[in-house]
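Enquirer: Before I ask anything, let me first share the structure, which is written out below as structure tokens.
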Amino acid sequence: MKIIKLWAFLLLSTLFVGCSSSTPPLMDKPDTESKGYQLDAGDAVNISVYGEPDMTMKFLIDKSGTITFPYIGELVLKGKTPEQVSEELTNRLRGDYLQNPMVSVSISEFRKFYISGEVANPNGYAYEPGLTVEKTIALAGGFTDRADRKDINIRLSGTNQLLENVDVRHSVHPGDVVIIGMGFF
């Protein structure tokens, strides 16, 4: 008789566990970090051409996503990786202007991400590669006393899509808005 009661208890407990209404936190897909960082408005880039000090300069990318570079004119940076920009500059400078140009493009300052809601210092902060929700909370001074540590959402940059109930290990990208909800006791 005790064995039947034990089996009944185990069966009911597994059913109740399966009926839990809380959803697991949203985790990243592994492929989200695999593509290179794409430049956009708000990024600052350093462009240097070896042996040509007049062509070594820093640009802040504006909303148009373009810059004017000496000898070649307008150059679109928005949506390209630094490597793609370097390759395009090398190709456009080769021949007419320089024999064998060596161009390097590096990001000197990333555009901002934002964190709002129940953190000590809600604000915009410079993006850093490898940024997670947990790191954004730390940059913003941590949770307030009223924060609901499970009510974390991210409004994605560009698409404006809202990801609800994200895990603290979820990655954050430039322009994203991390929103920390308020708990009620």
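Mapping of the sequence shown onto UniProt numbering: position 15 corresponds to residue 15, and the numbering continues sequentially without gaps. Here a beta-carbon is modelled for each residue, glycine too, at the ideal position from N, C-alpha and C. As the structure is a prediction and not an experimental result, all values here were calculated from the model.
Enumerate, from N- to C-terminal direction, the unbroken alpha helix (DSSP H) stretches of 4 or more residues contained entirely within the stretch 21-108.
Expert: 82-93
Enquirer: Using alpha carbons as the reference points, say which of E164, V45, E128 and S171 lies closest to P82.
Expert: V45
Enquirer: Under DSSP, the alpha helix (DSSP H) around A147 begins and ends at which residues?
Expert: It is not in any alpha helix (DSSP H) - A147 instead sits in the beta strand (DSSP E) that spans A147 to R155.
Enquirer: If we ignore side chains and look at the alpha-carbon of each, how far apart do G158 and G175 end up?
Expert: 8 Å
Enquirer: Quick test of the definition: if touching needs 3 or more C-beta pairs under 8 Å, does the stretch 104-119 touch the stretch 135-151?
Expert: Verdict: yes, contact present.
Enquirer: Going along the chain, which residues of its own chain have a beta-carbon closer than 6 Å to the beta-carbon of G36, five neighbours each way excluded?
Expert: T81
Enquirer: DSSP three-state label for D176, please.
Expert: Reduced to three states, the DSSP call for D176 is coil.
Enquirer: Identify the continuous alpha helix (DSSP H) that holds A138 and give its terminal residues.
Expert: V133 to L139
Enquirer: For L39, collect the residues of the same chain with a Cβ closer than 8 Å to its Cβ; drop the 5 residues on either side in sequence, then sort them by chain order.
Expert: V45, I61, G65, L77, K78, G79, K80, T81, P82, V85 and I107
Enquirer: Would you kindly work out how many angstroms separate the C-alpha atoms of M173 and D151, rounded to a whole number?
Expert: For the sequence presented, residue 173 should be read as His rather than Met. If I take the Cα positions, the gap works out to 19 Å.
Enquirer: Which whole-angstrom value describes the C-beta separation of Y127 and R111, a residue pair presumed to lie in contact below a C-beta threshold of 8 Å?
Expert: By a beta-carbon distance limit of 8 Å, Y127 contacts R111. Their separation comes to about 6 Å.
Enquirer: At the level of alpha carbons, what is the spacing between E33 and K135?
Expert: Note that E33 has pLDDT 45, beneath the 50 cutoff, so the model's placement of it is unreliable and the number below is only indicative. Each residue's alpha carbon lies about 16 Å from the other.
Enquirer: Could you name the residues of the same chain whose beta carbon sits closer than 8 Å to that of K58, not counting the 5 residues immediately before and after it, in chain order?
Expert: A44, V45, N46, I47 and S108
Enquirer: When DSSP labels each residue in this structure, what does S120 get in the three-state scheme?
Expert: The sequence given here places Ala at residue 120; Ser does not occur at that position. Of the three classes helix, strand and coil, the one that applies to A120 here is coil, per DSSP.
Enquirer: Any beta carbon from chain D within less than 9 Å of G65's own beta carbon?
Expert: Protein chain content of the structure displayed is limited to a single chain, and chain D is not contained in it.
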